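Enquirer:
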Amino acid sequence: MDQDRKPERGDLIEIFRDLFQHWAIYVGDGYVIHVVSDSGHASSGSCSVNPGKDGKVRVKKEKLQDVVGNDKYRINNRLDEKYNPRPTEEILQEAERFVGREFSYHVLLRNCEHLATLLRYGNPHSQQAGRSSGEVDDAPSQIRDFSGSCKGRCFELIEAEPPNCRCDNLCKTYLSCCSDFDEQCLKTGSCGTHSPHMRPMYPSKTFPNLYTLATGLYPESHGIVCNSMYDPVFKAHFKLRGREKLNHRWWGGQPIWITAEKQGVKAGTFFWPWVIPLERRLLTILQWLHLPDDERPYVYAAHSEQPDAYGHILGPLSNEVKHTHTHTHTHTLISV
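In this text, residue positions in the sequence shown follow UniProt numbering: the first is 1, and each later residue adds one.
Right, dumping it as structure tokens:
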């Protein structure tokens, strides 16, 4: 982290905003390349920036001083000890290629720091996203061309080779999706029947409401009345962490997928896979829907941790919660 020297081409620039740090890559002559929101204002650049209505942000080349504004910045090539920086000319060429592109924004998986480190090291990495989400994205990736289309290619099982963009269920994990991946492949709410909102059961806690969705029973009937509780009969504590919650004696009622299987109907569930990106979960279920009739499940259940996770980390009134609320439901039960 250099405090005194002037930026050199290929340097990572860390700009200190109010809540998050904004990142850019210096390309010479006083210019940087970075991610901005649809507002188009250089000073709006931030890793917590609220993207446009379509969830997209744009890569721009602007004067460093205009981007910094009244904030402070520093040169921060902190990952040089972990990764070998790419040759300077290669960094600059790739950075210039990104200018003008739009891509789907995700504060934890695809933010301004991911882009900057991707350009310098060929490896997207975001330390502050790791601090927010409880994990650090260290997934290796190669520079890819995001300008292709997923039209007619959604749910494909064959992974495209660089530099082609991908439409498979791992493309967001490796920052390699085509520019219209969300629009073409994640329109899960555009058909069928769905509820415009959900009225939570009391208490409005995660486990009681998840199990109410699964069983159709009130918490007082299925027994899961809180995320953490003590039963004087069992003389035991039920907690989110710990193995006691796996004891069947706590769980009354019958989840819909168990009812389905007892009736001879195949069911598929995808609950609580914290280490698997939401997009991969959804696309996996959509792939199940494409199986032959004698193989595919007929009842599906999936769980999304957003915007609940953002709410716990950043507060219920944060921009991240407002944004994810328009794109996801906190708890989703899909039945076909």
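Built from N, CA and C at the ideal position, the CB exists for glycine as well.
Here the structure is a predicted model, which is why all the values come from computation and not from measurement.
Could you have a look at residue 18 and say whether DSSP puts it in helix, strand or coil?
Expert: Coil at residue 18, not helix or strand.
Enquirer: According to DSSP, is residue 248 part of a helix, a strand, or is it coil?
Expert: Three-state result, residue 248: helix.
Enquirer: Using the rule of at least 16 other Cβ atoms within 10 Å of the residue's Cβ for burial, across every protein chain shown, is residue 99 buried or exposed?
Expert: When all chains shown are included, residue 99 counts as exposed.
Enquirer: Tell me whether the region 20-37 and the region 88-99 touch, counting them as touching only if at least three CB pairs, one residue from each stretch, are closer than 8 Å.
Expert: A contact exists between the region 20-37 and the region 88-99.
Enquirer: Pull up the distance between the alpha-carbon of residue 15 and that of residue 73, whole angstroms please.
Expert: Distance between the alpha carbons of residue 15 and residue 73 is about 4 Å.
Enquirer: Ordered along the chain, which non-local residues of its own chain (more than five positions away) have a Cβ less than 6 Å from that of residue 134?
Expert: Low local confidence applies: a pLDDT of 36 at residue 134 is under 50, so the model's placement there is unreliable, and no value is given.
Enquirer: Within this structure, are the beta carbons of residue 297 and residue 268 separated by less than 8 Å?
Expert: Against a cut-off of 8 Å, the Cβ pair of residue 268 and residue 297 comes out as a contact.
Enquirer: For residue 211, name the three-state secondary structure that DSSP assigns.
Expert: In this structure, residue 211 counts as helix in the three-state DSSP scheme.
Enquirer: Counting pairs of Cβ atoms below 8 Å between the region 237-248 and the region 256-263, do you hit three or more?
Expert: Touching, no.
Enquirer: In this structure, what does DSSP give as the bridge partners for residue 231?
Expert: In DSSP, residue 231 forms a bridge with 236.
Enquirer: Report the rounded CA-to-CA distance for residue 226 versus residue 203, giving the unit in angstroms.
Expert: Cα to Cα, residue 226 sits roughly 7 Å from residue 203.
Enquirer: Assign residue 279 to buried or exposed, taking buried as 16 or more other Cβ atoms, counted over all protein chains shown, within 10 Å of its Cβ.
Expert: Classification for residue 279: buried.
Enquirer: Please identify the residue among 195, 97, 201 and 35 whose C-alpha is closest to the C-alpha of residue 219.
Expert: The residue with the shortest Cα to Cα distance from residue 219 is 201.
Enquirer: From which residue to which residue does the alpha helix (DSSP H) around residue 121 run?
Expert: Note, residue 121: alpha helix (DSSP H), 112-121.
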